[in-house]
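Here's the structure we're looking at; comments come further down.
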C-alpha cells in the first residue's frame, strides 16, 4: 500500500514538473490552444459576452450576455440592445426586455475546437508583460471544425485570443466572420475568474 | 255744430228759451265730459235735463268719456215747462238736440320707442315695444314708413319708420327713427368628407355646395370651390361654410384636412431607393406616407407613378426578405456565440437530475462557488 502511494506521489511530482516546464516555456499557439481548452486553468467564475452583427457598416444586431455567480448557482443575463424590425413597426430597430436564466453549473470549457492546423500560416502571437495575444485566420475549410458546427456557414473567420502571460489563463476570445448573408459578425467573450 | 229740428204738437205757454251748448268740442281726458247748455234767457242748469246718445243708443252721462261723436237732447225739467218752452226759430220743441265731439288726445310727446332692432326670423316683425310716458293704459299703435305708408318689416336691413297711434282715444306719432333687422345666425353647416375632395399635385377641388364659400386659412374666403398654386404633397385644412346672405350671417365652417397629390414628392422619394435594403427603411416609410396623398385617378393616368409604385413594392419585399435573412444570420451568430462561451451544463430545474446522471464523471469539471 505504501509503495503504491509512493508511486502515485512520484507520478504527481513528475506531472507537476512537466507542467511547470511547459509553463515556463515560450508562448506558442499550443499555449493558446491549451488556454482555450481550459487545461490547467480552471476556476472561471463566469463570462461577459458581446454579440454584434453589422450590415454595410451599420449594426443590425447587438446583444450582451453575462454569466455570473448567483447564490448557489449562476445567472445568465441576456439583453438584446438592438434588433432589426420589420416594415410594420414604427421604428427600424427595437430593444428587447432583459432575459435571465439560472443554472447550477457550467463546464470549464468552450464549445470550439482550437487547433493549430485550422489556422492559415501567418497567424500572429504578441506577448507583452501581462497578456499574450494570438491573432489568426481560420482556413476556409476549417470553419466548421473550429466552430464544431457542421452547418456553420460563416466565412473569413478570424480569431483573437488573449491570455494571461503569467498563468496562461484565457482572458478573452474574439471571433469575427462574415455570415451567410454578408453581414459582419463579431463575438467577444471575456472570462471572469 | 248741428241742431236737430223736432216737430211738436206742444202749445206755446211760456217764455221762449233758446239754447246753445257751452262747448261743442272736447278732448279726451279719461273722464266724463261736462256737457252743458247756455240758455237765453239764462236759466239755472237744473232747469234742463240731458239725455246722451252715442252710436244711436242712449247712454248715461257718465259714459260720455271716450273720443267720438255724441248727441245730447236737452229737455226742460217739469218745474219749468209751464213757464218756458224750448224753441228754435220760433218753433216749439220738446227737446233740442245737439251734436258734439270728444276728440282724441294727442300724446306724440309721450311716445318712447323702446326697441329699435330685432333679429331676422323669417316672419314680419310683430312687435316694436313702445312706452307712453305718463299713461298706464293700453294704447294701440302701429308703425309706418316715414311718409306714412304701410310697411312690412321682414328682411334684414334698416328701416326708417315712425310709430303712429291708432287708438280709440289717443292720437299722435313719433319722430322718424331707424329700426334694424339683424341678420340671423345660420345654424346649419356644410357637410364634407375626404370623398368630396379631389387633388392634383398643385391644386385641390372641393365639391360644389350651393351657397357655400371656401377657404384654406379660415380668414380669406372665395366663392370658387378649387384652389390652385399649392405645394405638392402638402397637407391643407379646407374650410367650407355657407356664405352670408341678405338675412343670414355666414355659418360656422366645416373643416377637412386634405393633401395635395404627392406625385412629385413620391417620385422623388422612390428615386432615393438604393441597393442597400437597410437604408431603404426610412425611404419606404416616407414613400408610403406620400403614396396616400396620390389621387387614385391621377395614379392611373401616370405610368411614371405606376412604375414607382412597383419599385416601392419591390423595395418593401426586398426589405422584408432582408429582415428574414438578417434574422437567420442572427440565429447563426447566436449559435456561434454559444460555442464561444463557457458550456452551461445544467439548468437549475434539472440540476438534481443532471447531477445524478453525470455526478461521477463531471464532478471534477463542475465549478462550485
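Chains as they are written, first to last, in our numbering: chain A, 2 to 194; chain Y, 595 to 963.
Ideal placement from N, C-alpha and C gives every residue a C-beta, glycine not left out.
Keep in mind that this is a model prediction, so the values were computed, not measured.
ask   = Residues in its own chain within less than 8 Å of residue 640 of chain Y by CB, not counting five upstream and five downstream?
value = Cβ within range, chain order: 671.
ask   = Would residue 63 of chain A count as contacting chain Y if we go by Cβ distances under 8 Å?
value = Against chain Y, the CB of residue 63 of chain A has no partner CB under 8 Å away; the residue lies outside that interface.
query = Given 8 Å as the limit, is there contact between the segment 68-83 of chain A and the segment 97-104 of chain A, that is, 3 or more CB pairs closer than that?
reply = The segment 68-83 of chain A is in contact with the segment 97-104 of chain A.
inquiry  = To be precise: take each residue of the segment 148-174 of chain A, compare its Cβ to all Cβ atoms of chain Y, and keep it if any distance is under 9 Å. Which residues remain?
reply    = So the list reads 148, 149, 150, 152, 153, 154, 155 and 174, given in the order they occur along the chain.
Where residue 167 of chain A falls: helix, strand or coil (DSSP) = Coil at residue 167 of chain A, not helix or strand.
Cβ-based neighbour list, residue 31 of chain A, same chain, cut-off 7 Å, excluding 5 preceding and 5 following = Its chain contains 117 as the residues whose beta carbon lies nearer than 7 Å to that of residue 31 of chain A, once the 5 sequence neighbours on both sides are disregarded; these appear in chain order.
task = Rounded to whole angstroms, what's the CA-CA distance from residue 153 of chain A to residue 914 of chain Y? Just pull it up for me.
result = So the two alpha carbons sit approximately 24 Å from each other.
query = Cα separation between residue 34 of chain A and residue 114 of chain A?
reply = Put simply, the backbone Cα of residue 34 of chain A is about 8 Å away from that of residue 114 of chain A.
key: Alpha carbon of residue 825 of chain Y to alpha carbon of residue 795 of chain Y, nearest angstrom   = Distance between the alpha carbons of residue 825 of chain Y and residue 795 of chain Y is about 7 Å.
query = Hey, out of A/163, A/155, A/145 and A/91, whose CA is closest to residue 125 of chain A's CA?
reply = Selected option, being the one with the closest Cα: A/163.
query = From residue 545 of chain Y to residue 834 of chain Y, what distance separates their C-alpha atoms?
reply = What is shown of chain Y runs 595 to 963, which leaves residue 545 of chain Y out entirely.
key: Three-state class that DSSP yields for residue 142 of chain A in the structure shown   = Note: residue 142 of chain A maps to helix in three-state DSSP.
inquiry  = 8 Å is my cut-off, CB to CB: does residue 16 of chain A come that close to chain Y?
reply    = With a pLDDT of 48 at residue 16 of chain A, under the threshold of 50, the predicted position of this residue should be treated as unreliable, and no value is reported.
Neighbour list for residue 176 of chain A in chain Y, Cβ cutoff strictly below 8 Å = Simply 930 and 934.
ask   = Can you find a C-beta in chain A that's less than 8 Å from the C-beta of residue 867 of chain Y?
value = Proximity of residue 867 of chain Y to chain A, defined by a Cβ-Cβ separation below 8 Å, is not satisfied.
query = Name the DSSP beta bridge partners of residue 137 of chain A, please?
reply = Answer is A/160, bridged to residue 137 of chain A.
ask   = Helix, strand or coil for residue 2 of chain A per DSSP?
value = Here residue 2 of chain A scores only 45 on pLDDT, less than 50, and its place in the model is too uncertain to base an answer on.
message = Comparing C-alpha positions only, which one of Y/923, Y/886, Y/618 and Y/876 sits nearest to residue 94 of chain A?
response = For the residues Y/923, Y/886, Y/618 and Y/876, the minimum Cα distance to residue 94 of chain A belongs to Y/876.
request  = Kindly give me the distance between the Cβ atoms of residue 778 of chain Y and residue 721 of chain Y, rounded to whole angstroms, as I take these residues to be in contact under 8 Å.
outcome  = The beta carbons of residue 778 of chain Y and residue 721 of chain Y sit about 17 Å from each other, so the pair does not count as a contact at 8 Å.
Residue 134 of chain A versus residue 167 of chain A - alpha carbon distance = Taking the straight line from one Cα to the other gives about 13 Å.
task = Kindly provide the ranges of any beta strand (DSSP E) runs that are 3 or more residues long and lie completely inside the segment 655-721 of chain Y, ordered along the chain.
result = Those beta strand (DSSP E) runs which fall completely within the segment 655-721 of chain Y and span 3+ residues are 662-670, 678-682, 685-687, 689-697, 705-707 and 711-713.
query = At a CB-CB cut-off below 9 Å, which residues of chain Y make contact with residue 29 of chain A?
reply = Neighbours of residue 29 of chain A on chain Y: none; closest Cβ ~22 Å, over 9 Å.
key: Boundaries (first-last residue) of the beta strand (DSSP E) holding residue 904 of chain Y   = Segment 897-933 is the alpha helix (DSSP H) holding residue 904 of chain Y; no beta strand (DSSP E) there.
task = Following the continuous beta strand (DSSP E) through residue 110 of chain A, name the residue where it begins and the one where it ends.
result = For residue 110 of chain A, the enclosing beta strand (DSSP E) has its first and last residue at 100-111.
ask   = Relative to chain A, which residues along the segment 872-884 of chain Y have a C-beta separation below 9 Å, given in chain order?
value = Within the segment 872-884 of chain Y, the residues whose Cβ lies closer than 9 Å to some Cβ of chain A are 872, 873, 875, 876, 878, 879 and 882, listed in chain order.
request  = Look at the alpha carbon of residue 706 of chain Y and the alpha carbon of residue 726 of chain Y, and state the distance between them as a whole number of angstroms.
outcome  = When rounded, the distance between both Cα atoms is 6 Å.
task = Report all residues from its chain with a CB closer than 7 Å to the CB of residue 48 of chain A; omit the five preceding and five following residues, and keep chain order.
result = The residues are 68, 190, 191, 192 and 193.
key: Sub-8 Å separation of residue 749 of chain Y and residue 775 of chain Y beta-carbons   = Closer than 8 Å, so yes.
query = Who does residue 737 of chain Y pair with in a DSSP beta bridge?
reply = DSSP output for residue 737 of chain Y lists Y/757 as bridge partner(s).
task = Tell whether a beta-carbon distance below 8 Å holds between residue 631 of chain Y and residue 608 of chain Y.
result = Contact annotation: residue 631 of chain Y and residue 608 of chain Y have beta-carbon atoms that are not nearer than 8 Å.
key: Closest Cα partner of residue 916 of chain Y within the set A/110, A/51, A/57 and A/138   = A check of alpha carbon separations from residue 916 of chain Y across A/110, A/51, A/57 and A/138 identifies A/57 as the nearest.
ask   = Hey, is the segment 703-719 of chain Y in contact with the segment 754-774 of chain Y, meaning 3+ C-beta pairs nearer than 8 Å?
value = Pairwise C-beta distances place the segment 703-719 of chain Y in contact with the segment 754-774 of chain Y, as three or more of them are shorter than 8 Å.
Other residues of its chain near residue 161 of chain A: CB distance less than 6 Å, five sequence neighbours each side excluded = Answer for residue 161 of chain A: 136 and 175, listed in chain order.
ask   = Does residue 95 of chain A come within less than 8 Å of chain Y when only Cβ atoms are used?
value = Cβ-Cβ to chain Y under 8 Å: no for residue 95 of chain A.
query = beta strand (DSSP E) containing residue 48 of chain A: first to last residue?
reply = Taken as a continuous stretch (DSSP letters only), the beta strand (DSSP E) holding residue 48 of chain A covers 47-56.
task = Within its chain, find whatever has a CB closer than 6 Å to the CB of residue 848 of chain Y; leave out the 5 residues flanking it on each side and keep chain order.
result = So the list reads 783, 784, 786 and 834, once near-sequence residues are dropped.
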